[in-house]
Each structure stands twice: as structure tokens, then as C-alpha cells.
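Just remember that this note's numbering sits 50 ahead of the position in the first sequence, which is counted from 1. Here is the structure we will look at.
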Amino acid sequence: MKKYDFPAIEEKWTKRWRDEKVYEPDFSSPRGKGKFYNLMMFPYPSAEGLHVGNMYAFTGSDIYGRFMRMRGYDVFEPIGLDGFGIHSENYALKIGTHPAAQAEVSEKRFYKQLEIVGNGFAWEERLETYKPEYYKWTQWIFTEMWRQGLAYRKKQAVNWCPSCKTVLSDEQAERGACERCGSGVEKKDLEQWFFRITKYADKLLKNIETIDWSEKVKIAQRNWIGRSEGAKIKFKIQNSNLKDESQNPKYELEVFTTRPDTLFGATYLVISPEHDAISNFQFPISNREEVEEYVANAKKKSDEERIENKEKTGIELKGIKAINPANKEEIPVFVADYVLSGYGTGAIMAVPAHDKRDLEFAEKFGLGVVSVILGGEENALYEGSGPLMNSGAFDGMDSEEAKKKITEFVGGETHTQFRLRDWLISRQRYWGPPIPMVYCDACAKEGRGEQKEMPGWYAVPESQLPVVLPQVEDFRPKGTGESPLASDESFYKTTCPACGSDARRETDVSDTFLDSAWYYIGYLMRFENWKLEIGNSSFAERMKLWLPVDMYIGGAEHSVLHLLYVRFLAMALKDAGLISFEEPFPKFRAHGLLVKDGAKMSKSKGNVINPDEYVKEFGADAFRMYLMFLAPFEQGGDFRDQGILGVSRFLDRIWKFYDRKTWGTSDDASLERALHKTIKKVTEDIENLQYNTAISACMIFLNECEAKGTMSESQARAFLKLIAPFAPFLAEEIWSRFFDNEKSRILDSRDESGQKGFHSIHREAWPTYDASKLIEETLVIVVQTNGKVRDQFEISLTATQKEIEEKALASERVRAFLGGNAPKKIIYVPGRLVNIVF
RNA sequence: GCCCGGGUGUCGGAACUGGUAGACGAUCACGACUCAAAAUCGUGUGGCCGUAAGGCCGUGUGGGUUCAAGUCCCACCCCGGGCACCA
């Protein structure tokens with residue numbers, strides 16, 4: 051017997067699959083049942099090599115793709131590298147190379163690793179986000195967003211990472227820490243580029259109900275978008291020193307609240323330190339210096355400090371009072387940093403009796419507390435609903451109804467507020483696509499420009515794209531609020547596309563997440579002929595035929611990053627008439643997290659798994675099968691070195707079993723039943739991504755075959771196909787040795803000409819089960835007394851309930867427990883058990 | 001604090017709409033093969049009592065519903081993840 055020589059066999063098939071384009075779909079005319087776009091989140095090649103977490107995700111996705119192909123779909127499973135951006139740049143900084151040079155090294159390394167693990171990738175369509183032919187279109191999308199009025203520049207307090215020396219989006223400032231490096235994020239007032247994602251807040255939220263995604267990701271997006279219904283209410287502000295109202299200038303403060311029903315209980319107002327009223331000093335306040343000092347201190351606080359220390363601070367604006375529009379009472383106005391500037395109007399009405407935070411503040415500053423909702427315990431905080439009190443004419447009204455009525459009563463307007471903020475898209479870094487915008491001073495002075503609100507700004511015309519990222523030696527982030535490109539005069543000096551005078555290019559680059567927000571379209575593009583237009587181009591045809599993606603698999607850590615941005619961009623492109631769908635991924639599944647020996651993998655712990663070592667020792671098949679066997683794919687699990695042995699032995703046993711080639715002449719009935727049960731189980735499990743139990747079912751079947759010592763040829767073929775998605779090399783090798791004369795081709799005749807001299811098992815038809823073959827010959831009935839198992843027996847399928855109960859009562863064990871007593875009750879569960887109660 | 005997951009042998013994990021808890025692996029022990037070891041094959045492997053047959057206990061804790069609960073209900077504890085002063 052020849053030992054299974056996996057290194058040679060895996061190398062052979064890797065090459066053959068690629069050479070003979072086994073995994074390339076027919077883009078213009080999909081074969082079989084039609085197209086199936088099977089996408090996995092592409093990796094960013096920032097680390098030393100492919101991470102086992104990547105492999106885990108890819109394998110799970112690949113099994114699904116192979117399964118769908120065998121079920122007759124023309125599967126497109128592309129691969130590429132998300133190599134532009136801060137991830138890769140930080141890695142280059144760390145090891146002291148230039149990111150462009152590093153990209154070349156990583157590219158080779160990653161593709162090599164990706165190839166040896168046995169995924170059915172369509173290699174010809176691969177892409178890298180840092181190639182000019184790719185980022186030309188990333189830039190073009192930026193200009194398109196600009197033309198749609200979805201890109202704008204604005205000065206505001208933004209997240210700044212002092213270590214990465216760039217601004218970050220809200221999504222990338224996780225709990226006040228930089229998503230990339232973990233440093234504490236600071237607030238800086240800077241003028242930056244934003245994408246108007248908030249325009250789509252409502253649609254992003256509503257569409258969640260229509261897409262088939264892992265529930266936890268949907269929940270995360272709902273929370274992040276954060277819709278609240280409430281009202282905007284205006285409070286008059288008056289100078290408390292001026293008694294003559296006619297002399298009093300008309301100041302107003304508008305607040306947002308979700309509880310207008312509690313308006314009678316509002317005993318003070320609070321505005322955020324960044325509120326316009328403060329920066330412009332509209333109000334005639336008497337303690338201006340104190341207030342300025344407080345505001346300056348508050349702005350200095352990092353997000354981290356604000357999150358850690360929730361002790362309320364604030365200062366009253368002396369000399370002014372607000373008028374509660376409901377009861378006309380004068381109430382004080384404070385500035386305090388527990389009120390956020392970017393949400394609602396940046397000002398709130400405080401109702402300490404019915405809001406925990408307001409109560410904390412009121413207690414600290416000795417402010418009034420007036421209960422206006424009946425409910426909860428007396429004199430205790432109550433945040434629920436109920437009938438009103440202390441609310442004049444509204445007393446007794448239910449709070450839900452009062453929300454509307456009180457808003458009307460004071461002339462407020464109902465308002466739906468989202469937590470989602472616009473996507474800050476510019477970065478003061480080097481390794482990214484330069485933002486393709488030009489600023490012309492001359493035009494600005496005369497108020498000319500492409501957008502009224504932003505005179506002087508022009509998008510780089512398509513004919514001049516890409517704006518190539520220049521090769522600069524000192525690419526390190528400067529920390530000045532400008533990108534390294536701002537030091538390269540030859541880069542930023544240009545002429546105005548409108549008037550021809552000297553102009554300056556934008557020197558910031560765009561966020562990495564813009565690169566990955568459209569890559570699923572990029573895979574269909576073939577750079578040379580792409581026009582993002584619904585027109586006559588072959589690309590447009592491919593888009594129509596192949597999009598949206600049929601199955602998307604990736605990590606849940608992107609719930610509010612990539613997965614939100616990509617949905618937003620699709621909606622924007624749809625509205626611009628550039629694509630024909632608004633949800634790019636109707637079906638998405640998040641895979642679980644892989645840990646090692648119960649602990650998270652990290653370099654500092656030294657427990658990072660290097661896939662190469664395992665592939666070398668056990669083969670790619672064994673490694674990928676073990677990854678899928680160790681736990682449910684969507685749950686994630688614990689990688690233990692010893693576990694791989696079980697799978698490795700299983701594959702060896704398959705090899706040996708087939709190598710003996712001891713096909714029986716007839717289909718053994720019980721083995722046939724076992725096979726059909728296995729087909730059913732494996733098919734259903736793969737559909738549900740429960741690969742661990744699918745593999746287990748295969749093991750059970752092989753155990754039975756070995757016990758019998760034989761199986762028929764047709765059984766051997768069917769079983770091998772079940773193994774194929776999990777162990778593609780082994781299955782292919784056995785197939786080519788024994789069965790490559792199959793006539794069950796599922797795709798079509800194009801395969802015959804496309805492949806020279808072999809028929810891949812990966813294009814064979816997936817076996818189907820015959821329900822009539824699943825039926826057992828006899829029933830096994832369990833016998834219980836008082837719910838405890840005492841006995842069991844076999845009986846024919848045709849036995850009546852009476853016969854079964856009699857047989858159960860006749861059981862010696864049962865009789866021993868009954869001890870001559872008559873049973874009180876007999877419960878019969880058809881085909882399963884008899885429970886005798888006494 | 002809020003929202004999701006999840007707590008099952010020595011370990012990873014199975015268990016349909018409530019119906020034989022521990023599938024499949026790993027580990028360990030013993031046996032076969034071998035001069036020997038590895039590999040491979042076979043048997044056993046939740047705890048307690050018992051020579052055995054068998055019995056009792058057992059799915060985080062405490063209660064409940066039911067002929068029957070890992071599964072349903074109530075209260076609580078622990079672990080992992082997400083959000084967090086969003087008015």
C-alpha cells in the first residue's frame with residue numbers, strides 16, 4: 051500500500067486546479083443553475099504572514115463555496131489583499147521598511163500561503179487595494195460622492211490618535227481608544243472631510259429587517275445607528291438683571307429630549323462645552339472667565355478620561371435664566387461635559403426626578419427635583435412611564451399621550467434623532483489613496499466652486515485619475531495635522547481645473563475602509579475596461595449578472611466598521627444610478643473567534659498559531675478539517691494541538707480504505723441506510739454552517755464501513771463527494787485514481803473542453819439522499835418507570851401501541867420495580883418510548 | 001448599568017418540535033503486533049456503591065411546571081463579547 055504522500059499530492063493539485071481553471075466561473079454566461087458569488091472578507095497583509103484566524107474564516111467560506119459548486123452553481127470565489135491603509139503602514143513603520151516595499155513582500159507571501167491551503171479561489175480576478183488601477187476607482191468613488199453632495203469638509207471636534215498621528219472616525223475610536231493601536235483618543239478641532247452617512251441612517255436601519263445576517267451583527271448595527279424619537283423644544287433665555295422685558299434681547303436655546311412628557315419637571319438646562327452659544331458668547335453672562343476656563347479644561351479631557359470618570363462637573367452661566375415654556379418658571383442654565391455636543395442640539399433640559407444623570411448633577415449642585423410622573427417608589431428616581439402629576443392641565447394624562455400634547459402645547463417639533471455621526475474619511479497619513487480634490491484660492495475668493503457651500507473646491511476630473519501616490523522617502527506621520535504629502539511640493543502643486551490658476555491638491559489620504567467598501571464590485575471589474583456606469587460595457591453586464599453577493603462570510607468585529615460603510619456606499623451608489631441594488635450582501639454570516647488552549651491568541655503570550663507549521667506537518671486537508679471540526683463555525687472554538695491527530699487519522703483511514711479498493715458487488719442494505727442518513731446530515735449541516743457535526747457524521751459512516759470491511763462502488767463515490775469540500779486534495783486524488791469516469795457532470799459541456807484530461811471531483815454533482823432509504827427496519831423502544839430508563843427492546847415497525855405497551859409491561863426490570871402494583875398510567879410516545887407511572 | 005452569546009465528563013464539543021445526556025474526536029488505562037519503541041489495531045474511560053447483576057447521583061445555583069427538563073418558567077451566580085453620560 052502506498053502511503054498518502056500529502057506534500058506531493060497537494061502541490062500537484064494546487065497547480066493543476068490553477069492551470070486548468072477549475073475554479074474560474076464563466077462570467078458572461080454562468081453554468082449550471084446559475085451564478086453564486088461566494089465572498090469572504092479579504093485580509094490585510096499587515097502581520098508576519100497569514101493568520102490562522104484568516105484561514106479559519108477562509109476555510110469555512112470555501113467549504114460553502116465548494117458545496118454550492120457541487121450543487122450545480124457556477125461559483126465565483128475571489129481573493130485579494132486589503133493592503134492599503136493604516137494597518138499595513140503601521141506594520142511597515144514597526145519593522146522599519148517602506149510600505150510600498152513591504153507590500154510587495156507581503157503580497158508574495160500571502161498569495162503563496164493562500165494557495166497552499168486548498169481554497170477554490172478564482173485567482174485571475176485577484177486585486178490589491180494599493181495598486182493604482184484599483185485606487186483610481188476608489189478616488190473616482192470619492193469624486194462621485196462629492197458630486198452627489200455626500201462629501202463635505204467641516205471643522206469640528208474630531209477624534210485624534212496621538213500615536214497614529216491622524217484623525218479617526220467615530221467607528222474607529224472604540225471606547226475612546228484607537229481601533230488600530232489602542233492609544234487613548236484625544237479631541238481636536240480640525241477641518242476634515244466627511245461622508246454624509248447620516249443621510250442614510252433611516253434606510254440603514256430599516257433595511258436591517260430585510261437582510262439575512264447573523265443576529266448579533268444586526269443588533270450591533272441597530273445600536274450603533276441608534277434611533278430615538280423625541281422633540282426639539284425651545285427655551286427663552288433672559289438676562290436676569292433686566293426686569294424690563296422689552297429691553298431684553300431675544301435669546302433662545304433649543305434642546306432635544308425623548309421625554310417631552312416630563313417638561314414640567316425640567317428644573318435647569320445644560321449645554322455642552324462645545325455649544326455654539328458658548329464659543330460665540332451670545333449670552334450676557336457675568337462669569338465669563340470662569341466659564342471659559344471650565345470649557346477649556348473640558349475640551350482638554352480625552353475621551354478615555356471622560357469615560358472613566360463619570361463624576362459630574364459643570365458650571366452655571368450666571369446672569370441669565372431660561373424660561374420653562376410649560377410653566378413659565380425661571381430655571382438656571384449650566385454648561386457641563388456630561389452633555390455631548392454631537393448629539394441632538396447639544397443642549398438638554400434636565401429632569402432630575404426622571405433621569406439618573408440629571409439627578410446626580412442636581413444633587414451635586416443642590417438643584418430642584420420635581421416629580422411629574424407617577425410611578426416607582428416614593429421620592430426615588432423613576433425613569434418609567436405613567437400618569438402625569440404637577441403638570442397643570444396635563445395631570446393624570448398618560449405619559450405616552452402627554453409626549454405629543456406637551457410638545458404641541460409649547461410649540462415644539464417632534465424629531466427623530468440618530469446616534470450615527472457622519473463618516474470622517476480623511477487621514478493624515480501616507481499609505482492610502484490621495485483624496486482627489488483640488489483647492490483654488492482664486493476661485494474661493496470669488497465664490498466659485500463645484501459646491502455652493504464650499505467655494506474653491508474641485509474634484510479631479512476622471513481623465514486625470516488616478517492621482518498617483520508619490521514615492522516619498524519620509525512617509526512617517528508628522529503629527530502636525532497634515533499628511534506627509536503636504537511636504538511634497540511636486541505633489542500638491544497643481545492648477546485649478548476651472549480657472550487654470552495655481553491651486554493646491556488635498557494632501558490627506560482616504561480611510562482604509564473606503565478601499566474595502568467597494569472591493570466586492572472591484573473583483574468583477576478587470577481594471578482596464580471599467581466604467582462605473584450602467585451602460586454597454588462588459589463590466590456593467592457582469593455587475594448586472596453577478597451582483598449582489600450571494601454569501602458573505604467574515605468577522606463580527608467589523609459589525610459597525612466595514613459592514614456599515616459598505617452598506618452605506620452601496621445605497622449612495624444606487625442613488626447615483628451606478629449600481630442596481632442597495633444591499634450588497636443579502637446574506638452574511640459571522641464566524642466565531644478562534645482561541646488557543648482557552649486563551650486569546652497574542653504575540654505577547656506566544657500562543658499564536660502559524661498555519662504553515664501545521665500544513666507542513668499534517669497537510670492542508672487535515673489542518674483545514676480540524677479547524678472546522680473543533681467547534682461550530684459560527685461560534686468559534688478552542689484550538690488544541692492534540693485535536694488535529696483525530697482528523698489526521700480519519701483522513702489516513704479514508705485513504706487506506708479506498709486504497710484497498712474492496713468494492714462489494716451489492717449495496718448492503720444497512721450500509722445503504724447509513725449512507726443516506728449521512729448524506730442528509732452532511733447536506734443539512736453544511737447549509738447551516740455546522741461543519742463540526744458534518745465531519746462527525748462522516749466519521750461515523752467510515753466507522754461503519756470499516757466494521758463491514760467493504761462498501762459498494764456507488765457508495766464509495768457518494769461518500770468521497772461528501773468529503774470533498776472538507777479535504778479537497780485527498781478527495782481529488784482518490785477520485786482521479788478510481789472514479790474519473792463519472793458521467794454526472796453538473797455544469798456543462800464547456801467543462802469538457804476547459805479541462806484537459808481530468809474531471810475534478812469538485813465539479814461533480816453532490817449526492818442526494820432517498821427518503822425511502824432512511825427508514826429503519828425495526829423500532830427501538832425505551833421503557834421507563836416514573837420517567838427513568840429501565841429497559842429497551844426492538845420491535846417490528848408494524849407493531850401496535852397495545853403490543854408495545856404489553857411488551858414493556860412484560861419486561862422483567864419493569865416488573866421488579868412495579869413489585870406487583872398496578873400501573874397508574876402508561877404514556878406512549880410513538881416509536882420512541884413507553885413510560886409506566888405507578 | 002444596558003444588550004447579545006454561553007456555563008454539559010479530564011479536554012474540544014454532541015443532543016430533533018421536552019422523550020435513552022455525554023454522539024464524534026482528544027486524553028488516559030489495558031491488550032494485540034514488535035527484540036523494543038513509534039505507528040497501527042482492539043477494549044474500556046461521568047461520579048459514588050457493588051465481586052456481579054444492578055442501583056443511586058449527575059448538564060452553573062436555588063425554586064417551579066410536567067408522566068418526563070440540558071431543553072420550558074421564575075430568581076440568582078459566573079465566563080466571553082458588544083455598547084456605554086446618546087438626554
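Even for Gly, the Cβ is constructed at its ideal location relative to N, Cα and C.
Following the DSSP letters along the chain, one finds Ile370 inside the beta strand (DSSP E) bounded by residues 370 to 373.
The Cβ neighbour count for Leu847, taken over all protein chains shown within 10 Å, is under 16; the residue is labelled exposed.
In the DSSP assignment, Lys495 falls within the alpha helix (DSSP H) that extends over 491 to 495. Its chain contains Ile365 as the residues whose beta carbon lies nearer than 7 angstroms to that of Glu340, once the 5 sequence neighbours on both sides are disregarded; these appear in chain order. Under the DSSP assignment, Trp173 falls outside any alpha helix (DSSP H); it carries neither an H nor an E label. If one requires a minimum length of 4 residues, the alpha helix (DSSP H) runs lying completely within the segment 181 to 211 are 182 to 197, in chain order. A contact between stretches requires three or more CB pairs, one per stretch, nearer than 8 angstroms, and the segment 476 to 491 meets this requirement with the segment 500 to 508. Taking Asp820 as the centre and dropping the five residues before and after it, the same chain places the C-beta of His726 closer than 8 angstroms to its C-beta, in chain order.
A distance below 9 angstroms separates the beta carbons of Pro527 and Arg479. Where Arg554 is concerned, the enclosing beta strand (DSSP E) starts and stops at 552 to 555. Bridge partners of Gly714 according to DSSP: Ser762.
Between the segment 313 to 325 and the segment 370 to 382, the count of C-beta pairs closer than 8 angstroms reaches three or more; the two stretches touch. Straight-line spacing of the CA atoms in Gly693 and Met90 works out to 26 angstroms. The segment 159 to 175 makes no contact with the segment 491 to 500: fewer than 3 CB pairs, one atom from each, lie closer than 8 angstroms. For Leu824, the three-state secondary structure derived from DSSP is helix. Taking all protein chains in view, the Cβ of Thr312 is crowded by 16 or more other Cβ atoms within 10 Å, so the residue is classified as buried. The closest CA to that of Gly461, considering only Ala153, Glu523, Gln198, Ala376, is found on Ala376.
Taking a C-beta distance under 9 angstroms as the contact criterion, Lys238 and Lys351 do not qualify as a contact pair. The beta carbon of Lys875 lies closer than 7 angstroms to those of Val887 in the same chain, with the five residues before and after it left out. In the assembly as shown, Gly396 is a buried residue. Its beta-carbon has 16 or more other beta-carbons within 10 Å.
Secondary structure of Leu564 (DSSP, three-state): helix.
Between Ser435 and Val422, the CB-CB gap reaches or exceeds 9 angstroms. The Cβ-Cβ distance between Tyr54 and Trp705 falls below 9 angstroms. Excluding its 5 nearest sequence neighbours in each direction, Glu512 has C-beta neighbours in its own chain below 7 angstroms: Trp190, listed in chain order. Bounds of the beta strand (DSSP E) holding Met601 are 601 to 605. With contacts defined as CB atoms closer than 9 angstroms, Leu883 and Thr835 fail to qualify as a contacting pair. Ile136 has its alpha-carbon roughly 26 angstroms from the corresponding atom of Thr109. Around the CB of Lys543, fewer than 16 other CB atoms lie within 10 Å, so the residue is classed as exposed. Rounded to whole angstroms, the separation of the alpha carbons of Met621 and Asp408 is 39 angstroms. Taking C-beta separations shorter than 8 angstroms and ignoring five residues to either side along the sequence, the partners of Ser391 in its chain run Ala207, Ser322, Pro323, Glu324, His325, following chain order.
Annotated as proximal: Ser537 and Asp524, with beta-carbon spacing under 9 angstroms. For Pro682, the closest alpha carbon among the candidates Trp713, Ile659, His641 is that of His641. Under the three-state reduction of DSSP output, Asn257 falls in the helix class. Judged by DSSP in its simplified three-state form, Met399 adopts strand. Three or more beta-carbon pairs separated by less than 8 angstroms link the segment 595 to 614 to the segment 622 to 637, which places the two stretches in contact.
DSSP places Tyr73 in the coil class of the three-state scheme, outside both helix and strand.
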